[in-house]
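Contents: one structure, followed by commentary.
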Amino acid sequence: MASVRIFASPSSWIESDAVDQCHQVAALDGMLHVAGMPDLHPGKGAPIGAAMHSTVLYPFLVGSDIGCGIAVFPISLKRPVPEKLAARFPDLDRSPDPDDPAWDFVGRDVPLGHLDAIGTVGRGNHFVELARLDETKDLVLIVHSGSRGLGESILRDHTAQHGAGPAASPADYLKAHDEAVRWGSLNRRLMAARVAYALGAVPEDPIVDECHNSVEWRDGGYLHRKGAANGDGRTVLVAGTRGTRSYLVAGHAGPEAGWSVAHGAGRKMSRSDALRRGKAKHTVAELRRTPVGSLVVCDDRQLLFEEAPTAYKKIEQVIGDLTAHGLATPIATTVPLVTYKVARR
């Protein structure tokens, strides 16, 4: 069985189910090492918040949202009043029209010609956020989304023939995978450009864009990342919640950590638990105005409760664990002003 190491302190919230999943993955044929990040939590068949190194390529360890990641874009606004800006966000549940100026900024080379859902944020924990950098007046757009239905179709094609087994042709899978990763990056840039124009700003290129669902050939094996970002000399945004700060970190993780760092706070409640507990603890109004004073654009009440800040681990603990284990060094924090989830149900 492969080695397993969890990069979390004894005081961190790590479910035993997630640790069990790490050991189940470690027992797969060809597995070399499994590294669990401090945001580790259970997933569907495989842990989320893990880097898994193997001589065999397993598409299910990457999952359906291939290329999902977080990008950070500078944005210049004269008077960032959250109430006014929240009302000006475009409908990111709908793809932009062909004549939308955002296309001119990002270009029209869409990987695989896959236009379905391009320029949209999706559901779950995906978001687009206008945030303030540290205690400065500098603003950024944070975009968390992925390859939408494209990645799902790639995994579905594989599982229809091979289930949770390895890729029959790693080269063929990697070719489709790489296009999905490129699609996810384009999707984030397109949404950022749409929001910038809607808020009266000029779009800019990202200062950070790292995906956290991917696989690559590394050091004699396939390095699968599921909810883990490339932490080998990269700057990464580790997302908090819509009611807390997020952290920009300098990653310097080595092979024991799968050259990876955490991608966010990580769930500590299932969606059903968060919905049940949230309805007993919060009102919709409370969840649309966060403790840090930011606004949440989300007309789906169920999603509001499922994605409540209390459903997630403490981001400060995650960052503390990354720092204590020598995987990353904090550079700056961002404070949310407006977080877009979904405009219409």
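End of the sequence shown sits at 1271 in the working numbering; the numbers just go up one at a time, nothing left out. Where a beta carbon is used, it is the ideal one built from N, C-alpha and C, also for glycine. Values in this document were obtained by computation on a predicted structure and should not be read as measured data.
Roughly how many angstroms lie between the CA atoms of Pro1235 and Gly1169, to the nearest whole one? Within the sequence shown, the letter at position 309 stands for residue 1235. Within the sequence shown, the letter at position 243 stands for residue 1169. Note on geometry: alpha-carbon atoms of Pro1235 and Gly1169 lie some 6 Å from one another.
Item to complete: Using three-state DSSP, classify Val945 as helix, strand or coil.
Response: What you label residue 945 is simply residue 19 of the sequence shown in a count that begins at 1. Taken through DSSP and simplified to helix, strand or coil, Val945 comes out as helix.
Notebook entry, point to check: What are the boundary residues of the beta strand (DSSP E) that His1178 is part of?
Noted result: For the purposes of this step, residue 1178 is identified with residue 252 of the sequence shown, where counting begins at 1. Where His1178 is concerned, the enclosing beta strand (DSSP E) stretches over 1172-1178.
Inset, instruction - Rounded to whole angstroms, what's the CA-CA distance from Ser938 to His967? Just pull it up for me. - result: By 1-based counting over the sequence shown, the position of residue 938 is 12. By 1-based counting over the sequence shown, the position of residue 967 is 41. About 11 Å.
*asked:* Just to confirm the assignment: which complete alpha helix (DSSP H) runs, minimum length 4, are found wholly within the region 1140-1164?
replied: The region 1140-1164 is shown to contain no whole alpha helix (DSSP H) run of 4 or more residues.
> Among the residues of its own chain, which have a CB less than 6 Å from the CB of Pro1037, if the five just before and after it don't count?
Replying inline: On the sequence shown, position 111 is the one that residue 1037 refers to. Cβ within range, chain order: Glu1105, Arg1108, Trp1109.
Notebook entry, point to check: Mapping DSSP to helix, strand and coil, what is Phe1015?
Noted result: The residue given as residue 1015 occupies position 89 in the sequence shown. In this structure, DSSP gives Phe1015 a state outside helix and strand, which the three-state scheme calls coil.
message = With a threshold of 6 Å on Cβ separation, who are the neighbours of Ser1002 within its own chain once the five nearest residues in sequence on each side are excluded?
response = Taking the sequence shown and counting its residues from 1, the one referred to as residue 1002 is at position 76. The answer, listed in chain order, is Ala1127.
(message) Using 8 Å as the cut-off, can you tell me whether the region 1115-1133 makes contact with the region 955-971, which would need three or more C-beta pairs spanning the two stretches below that distance?
(response) Output reads no: the region 955-971 does not touch the region 1115-1133.
Pull up the CB-CB distance for Ala934 and Glu1182, whole angstroms please, since I reckon it's below 8 Å.
-> Residue mapping note: residue 934 aligns to position 8 of the sequence shown, counting from 1. Residue mapping note: residue 1182 aligns to position 256 of the sequence shown, counting from 1. With 8 Å as the limit, Ala934 and Glu1182 do not qualify as a contact, their Cβ atoms being about 14 Å apart.
- How is the beta strand (DSSP E) around Leu1248 delimited, first residue to last? For the purposes of this step, residue 1248 is taken as the residue at position 322 of the sequence shown. Per DSSP, Leu1248 lies in no beta strand (DSSP E); the unbroken alpha helix (DSSP H) holding it starts and ends at 1241-1250.
Rounded to the nearest angstrom, what separates Ala972 and Lys1004 at their Cα positions? Start at 1 with the first residue of the sequence shown, and residue 972 comes out as number 46. Start at 1 with the first residue of the sequence shown, and residue 1004 comes out as number 78. If I take the Cα positions, the gap works out to 45 Å.
Where Ala1200 and Leu1229 are concerned, what is the direct C-alpha to C-alpha distance, given to the nearest angstrom?
-> Start at 1 with the first residue of the sequence shown, and residue 1200 comes out as number 274. Start at 1 with the first residue of the sequence shown, and residue 1229 comes out as number 303. Using only the alpha carbons, I get a separation of about 10 Å.
Discussion item. Whether or not the region 1006-1025 and the region 973-984 are in contact is what I'm after, with contact meaning three or more pairs of Cβ atoms, one per stretch, closer than 8 Å; do they touch?
Written reply: No contact exists between the region 973-984 and the region 1006-1025.
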